[in-house]
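These notes are about the structure you will find just below.
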Amino acid sequence: MPDRRTKSVDKVGKLPPVVSQQSRQSAEAIRKAYSRPKTALKNSRPMTTQYSLAGLSNYQNGKFVDIGKRGTTSAIKRSQSESRSLVKSVYGRSPSRERIDDLRDELFDTKKKMAAIENEKKVLHTQMQRLMRDSEKREKYLQRLVTSKFQPAELNDTHMARTLTAIRRNEMAKEQIIQVQSKELELAKQYAEQNSQLKLRLKNIKDSYIEIQEKAKKREEEMKRVLQQAKKEAESRSQEAVQALQKEKKELFEENMRNLEKYDAISIELQEAYKELSLLRTENDSLQAVIQELQSQLEEKQHEKHRENHVEIPKLDMTRMDSTTSPNPSAGSYIDMSEIDSQSIANAIGEIVGAHVERKHRMEKSL
Numbered sequence: 001m002p003d004r005r006t007k008s009v010d011k012v013g014k015l016p017p018v019v020s021q022q023s024r025q026s027a028e029a030i031r032k033a034y035s036r037p038k039t040a041l042k043n044s045r046p047m048t049t050q051y052s053l054a055g056l057s058n059y060q061n062g063k064f065v066d067i068g069k070r071g072t073t074s075a076i077k078r079s080q081s082e083s084r085s086l087v088k089s090v091y092g093r094s095p096s097r098e099r100i101d102d103l104r105d106e107l108f109d110t111k112k113k114m115a116a117i118e119n120e121k122k123v124l125h126t127q128m129q130r131l132m133r134d135s136e137k138r139e140k141y142l143q144r145l146v147t148s149k150f151q152p153a154e155l156n157d158t159h160m161a162r163t164l165t166a167i168r169r170n171e172m173a174k175e176q177i178i179q180v181q182s183k184e185l186e187l188a189k190q191y192a193e194q195n196s197q198l199k200l201r202l203k204n205i206k207d208s209y210i211e212i213q214e215k216a217k218k219r220e221e222e223m224k225r226v227l228q229q230a231k232k233e234a235e236s237r238s239q240e241a242v243q244a245l246q247k248e249k250k251e252l253f254e255e256n257m258r259n260l261e262k263y264d265a266i267s268i269e270l271q272e273a274y275k276e277l278s279l280l281r282t283e284n285d286s287l288q289a290v291i292q293e294l295q296s297q298l299e300e301k302q303h304e305k306h307r308e309n310h311v312e313i314p315k316l317d318m319t320r321m322d323s324t325t326s327p328n329p330s331a332g333s334y335i336d337m338s339e340i341d342s343q344s345i346a347n348a349i350g351e352i353v354g355a356h357v358e359r360k361h362r363m364e365k366s367l
């Protein structure tokens, strides 16, 4: 398995403590402003407590180690044992085994980091309580120094003034460091809460995603079933429509055949009617010739007898004619035209022509 350490990781494998750039700059400015002067007098009074800026907790492998309290050697050994990695097997390697080992290493590193953070939190909490108690003691001591009645010679002592100034500077620097560390702890708590909320949100998202996938699968199955059913119904309807169309086509074909037969019969009748019409036209032409001949004879008679009295002849009733009567003059006995009045002949011819025209109109209407 390849080594995952980078240049930002120390030899033991622990990451350095996470401190923001702003916090480091503020702490450095406080140290420069309120640190102990380098040119201190030899006969100056020592500090009122064993803790000073030089005696603050130091970092060892990403953790606070109190060197004066516990010892340097034991602290280093303990930090090295905590940062020791797991012993890995070199036999029976496979992609799945490597993946399991990687996950085990990640889990172990995560647990180790969490344990280190918890220990660091406990140490910082203890140190904060200790510093708070120490600050209370120092405040009481300073109040006693300020409120006590000293001799005039003691009040003019520059060494005491310098001592008080150094104490105040150290106290203010420690308070600033405590504030920075408390802010960092608050940020760590906020990050932990945000991490837990994000994990819970991720879990909810995964659950909702799984639920959505299940709903989508059910919906897809239902859509497939509905589509199959609709397809079957459409096929049955199309078959019924095809059968109905075939039946209608057959009926229309039969009706068309019947219409063709009727058309043939009507065309035959029409041809016969045209033949009859042509015969009637020839007969009409012959009658027209007879009528013209009779009219010419009538005009001749009228010129001869234009002064004779007018004789009214009743209309000829063709329905009351005797069956023996023939319209053709050649069919019966010969009649002398001189014995018949010309006006009566004209009236008779007019009635015959009117009856013939009426018959012709009726035949045209019937066709």
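Going by full-length UniProt numbering, the residue at position 177 of the sequence shown is 177; the numbering climbs one at a time, nothing skipped. Glycine included, each C-beta is placed from N, C-alpha and C at the ideal position. All values reported here derive from a predicted model rather than from experimental measurement.
Would DSSP call residue i helix, strand or coil?
| i | result |
| --- | --- |
| S286 | helix |
| S296 | helix |
| S94 | coil |
| Q60 | Note that Q60 scores a pLDDT of 44, beneath 50, so its modelled location is shaky and nothing firm can be said. |
| R70 | Here R70 scores only 48 on pLDDT, less than 50, and its place in the model is too uncertain to base an answer on. |
| I352 | helix |
| P46 | Note on P46: pLDDT 43, under 50, position unreliable in the model; the coordinate value appears next. Three-state result, P46: coil. |
| S330 | Reliability of the predicted coordinates at S330 is poor, the pLDDT of 45 falling under 50, and no value is obtained from them. |
Taking its Cβ as the centre, do 16 or more other Cβ atoms sit within 10 Å of residue i, making it buried, or is it exposed?
| i | result |
| --- | --- |
| R138 | buried |
| L124 | buried |
| K113 | exposed |
| N259 | exposed |
| N170 | buried |
| L131 | buried |
| K122 | exposed |
| A173 | buried |
| A116 | buried |
| R70 | No answer about R70 holds up, because its pLDDT of 48 lies below 50 and its placement is not dependable. |
| A265 | exposed |
| K301 | buried |
| A166 | buried |
| G350 | exposed |
From the options, pick the residue whose C-alpha is nearest to that of residue i; which is it?
| i | options | result |
| --- | --- | --- |
| R168 | A244, E136, Q288 | E136 |
| E276 | I210, E222, S366 | S366 |
| E272 | Y209, R133, V226, M363 | M363 |
| Q127 | S94, S182, R104 | S182 |
| K360 | L279, L298, E186 | L279 |
| E120 | K199, R133, A188, L103 | A188 |
Inter-stretch contact (C-beta, 8 Å, three-pair minimum) for the region 280–294 and the region 354–361: yes
So, does the region 286–294 touch the region 344–353, judging by three or more C-beta pairs under 8 Å? yes
If we count Cβ pairs, one from each stretch, closer than 8 Å, do we get three or more for the region 168–184 versus the region 21–30? yes
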